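Some notes on the structure that comes next.
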Amino acid sequence: MDIEKIAQLLQNLSPVTIKPQLCSKVITPKSTCTNCQNICPVNSITFTRIGLKVDQCISCGLCIEACPNHVFRLNESKLLDINSKENPTLIITCSLLHHKLEKKLHPFVTQIGCLGELYPELLVYLLTSFSKILLIHDSENCKSCLAKSLEEKVNINKYANVFNTDFTSKLQIIKNLDDLKPYLGTQQVQHAHDRRSFFKSIFNGSKNMSRQILDSALNQQNSNKKDKVQPLKRYYLSEALKKQENLELSALLPYPQLKINACNFCSACSKLCPTNAIKIIQEDENKIITFTPNLCTHCHVCSDVCFFQGLSWGQNLTVGEFLDDKPQLLASAAQKTCENCEQDYYDLNDKNNLCFLCRPVQDVF
Ligand code: SF4
Ligand code: SF4
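Take -4 as the starting number for the sequence shown in the numbering used here and just add one per residue.
Set out below in structure tokens:
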């Protein structure tokens, strides 16, 4: 086996990581999220009482796009580490096709597990760095993946109005390798498999491995503590938006705003929210509930757990609301004392000075 193959094998070890503790269904059995199950073309995912079970995975990567909480994660550093000044065109293909490409093309092409792993926010972010992205694709190879065509998977037109950019001309699916020729002349080698890069990949691999071992040890140690989600998809989108000149702050994003209609400030939503997007804070005699739009993954855990069904989703967020890092005030209520049981309580819609336990049932919901 030659040094290039060994380096490739090392790069492709475990391309997708799975963090079942971030799954909404694991956070609360009340979660209604079944996104990964719905999209998996081989019905490989089941939810059990102890967590998530993944069988017969064909590594299509569709769950990466579907999961709001990044339970399934692509090794994005492969794409993010490429210098867009040296390589204005990013050429990507799946590992299956990469092995079929002529060897002389290998240095110009970045391979990932499957093109289905590319989620829209990452593509938008990459498109604001590279002048063009080419996806080498052969539909014959993807017959087993019946969920979506590649054109549907990488459809980022929903962001076109926000970015005022025609993404269709910047993101191209290459089916005939002759179409690559005009771009190869301007490309530098994306992955040099020389001695130095080989040992660098081993060093990076061992660094990652020790981090993974540490992560898993810490997760076991802190199994009672909540592992907060880093909302990476939102992060990539906000970074892409910040690079945009003449940004239209009133343009609508495809994410809805959170609304509150009823609340007794029980804190179930804020305790279970995997990103701290929704928070309940005590301020003097008042309790306030806040929402930070760009932390919200729209996992719906909060609306699923609310006993009063007090949380719902409203109109879409504007770019300005999304980019504002300050938490928005959703609701506030002053402390009261129940006239029946004399317990202190907080309630958003209280009309008769009774806590929700003492109130007639018809007035609770
Ligand atoms: S919105 Fe619902 S879950 Fe959240 S604090 Fe209010 S009552 Fe509790
Ligand atoms: S605010 Fe609700 S939908 Fe948003 S991340 Fe938190 S729990 Fe999920």
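By construction, the Cβ of each residue, glycine as well, lies at the ideal position given by its N, Cα and C atoms. If you're wondering where the values come from, they're calculated on a predicted model, not measured in any experiment.
(message) Could you compute how far the alpha carbon of A246 sits from the alpha carbon of N152?
(response) Counting from 1 along the sequence shown, the entry for residue 246 is found at position 251. Counting from 1 along the sequence shown, the entry for residue 152 is found at position 157. If you take the alpha carbons of A246 and N152, they lie about 14 angstroms apart.
(request) State buried or exposed for C268, treating a residue as buried only when at least 16 other CB atoms are found within 10 Å of its CB. (result) Within the sequence shown, residue 268 is the residue found at index 273, counting from 1. Buried, because 16 or more other Cβ atoms sit within 10 Å of the Cβ of C268.
(message) Please state the DSSP three-state secondary structure of V314.
(response) Within the sequence shown, residue 314 is the residue found at index 319, counting from 1. The answer is helix: DSSP assigns V314 an H, G or I state.
(message) Across the segment 247 to 262 and the segment 308 to 324, are there enough close Cβ pairs to call them in contact, namely three or more that are closer than 8 angstroms?
(response) Yes, since at least three Cβ pairs between the segment 247 to 262 and the segment 308 to 324 fall closer than 8 angstroms, the two stretches touch.
(request) Please list, in chain order, all residues of the same chain as S298 whose beta carbon is under 6 angstroms from its beta carbon, the five residues on each side excluded. (result) On the sequence shown, position 303 is the one that residue 298 refers to. So the qualifying residues of the chain are L306.
(message) By alpha-carbon positions, which one of W308, V296 and V157 ends up nearest to L242?
(response) As a first step, residue 242 must be located in the sequence shown, where it is residue number 247. Checking every option, the nearest Cα to that of L242 belongs to V157.
(message) Ignoring anything shorter than 3 residues, give me the beta strand (DSSP E) runs that lie fully in the segment 273 to 344, in order along the chain.
(response) As far as the segment 273 to 344 is concerned, its whole beta strand (DSSP E) runs of at least 3 residues are 273 to 278, 281 to 286, 306 to 313 and 323 to 329.
(request) Just list the alpha helix (DSSP H) runs in the segment 221 to 257, keeping only unbroken ones of 4 residues or longer that don't cross its boundaries, in chain order. (result) Along the length of the segment 221 to 257, whole alpha helix (DSSP H) runs at least 4 residues long occupy 227 to 238, reported in chain order.
(request) Go ahead and label P115 buried or exposed: buried means 16 or more other beta carbons lie within 10 angstroms of its beta carbon, across all protein chains shown. (result) Looking up residue 115 in the sequence shown gives position 120. With 16 or more Cβ atoms within 10 Å of its Cβ, P115 is classed as buried.
(request) Can you have a look at G108 and say buried or exposed, based on whether 16 or more other CB atoms are within 10 angstroms of its CB? (result) Along the sequence shown, one-based indexing puts residue 108 at 113. With 16 or more neighbouring CB atoms inside 10 Å of its own CB, G108 falls in the buried class.
(request) Determine the direct distance from the alpha carbon of N344 to that of V104, and round the result to whole angstroms. (result) The residue you call residue 104 lines up with position 109 of the sequence shown. The residue you call residue 344 lines up with position 349 of the sequence shown. Pairing V104 with N344, the inter-Cα distance amounts to about 59 angstroms.
(request) Between the Cα of H293 and those of S26, T12 and V21, spot the shortest distance and give me the residue it belongs to. (result) As a position in the sequence shown, residue 293 is number 298, starting the count at 1. Ranked by Cα distance from H293, the options S26, T12 and V21 are led by S26.
(message) Classify P24: buried if its beta carbon has 16 or more other beta carbons within 10 angstroms, exposed otherwise.
(response) Along the sequence shown, read from residue 1 onward, the residue named residue 24 stands at position 29. Classification of P24: exposed, given that the 10 Å Cβ count is below 16.
(request) Could you check what DSSP says for I34 in three-state terms: helix, strand or coil? (result) In the sequence shown, the residue the question calls residue 34 occupies position 39. Assigned with DSSP and collapsed to three states, I34 falls in helix.
(message) At a threshold of 7 angstroms, does I273 count as lining ligand 2 (C-beta to nearest heavy atom)?
(response) By one-based count along the sequence shown, residue 273 stands at place 278. The answer is yes for I273.
(message) Does the beta-carbon of C297, which I'm using as the reference point, lie nearer than 7 angstroms to any heavy atom of ligand 2?
(response) On the sequence shown, position 302 is the one that residue 297 refers to. Because some heavy atom of ligand 2 lies under 7 angstroms away, the Cβ of C297 counts as near it: yes.
(request) Please report how far the alpha carbon of P83 lies from the alpha carbon of L118, in whole angstroms. (result) Position 88 of the sequence shown, counting from 1, holds the residue named residue 83. Position 123 of the sequence shown, counting from 1, holds the residue named residue 118. Straight-line Cα distance between these residues: approximately 14 angstroms.
(message) Could you tell me the alpha carbon to alpha carbon distance between S19 and N64, rounded to whole angstroms?
(response) Position 24 of the sequence shown holds residue 19. Position 69 of the sequence shown holds residue 64. Linking S19 to N64 through their CA atoms gives a straight-line distance of about 8 angstroms.
(request) Could you tell me whether the Cβ atoms of V224 and L17 are closer together than 8 angstroms? (result) Start at 1 with the first residue of the sequence shown, and residue 224 comes out as number 229. Start at 1 with the first residue of the sequence shown, and residue 17 comes out as number 22. Contact flag set, yes.
(message) Let me check understanding here. Comparing Cα to Cα, which of D319, E280, I275 and S124 lies closest to P288?
(response) Taking the first residue of the sequence shown as 1, we reach residue 288 at position 293. Among D319, E280, I275 and S124, the Cα nearest to that of P288 belongs to D319.
(request) In angstroms with no decimal places, state the Cα-to-Cα distance between E280 and D342. (result) If you number the sequence shown from 1, residue 280 lands on position 285. If you number the sequence shown from 1, residue 342 lands on position 347. When rounded, the distance between both Cα atoms is 13 angstroms.
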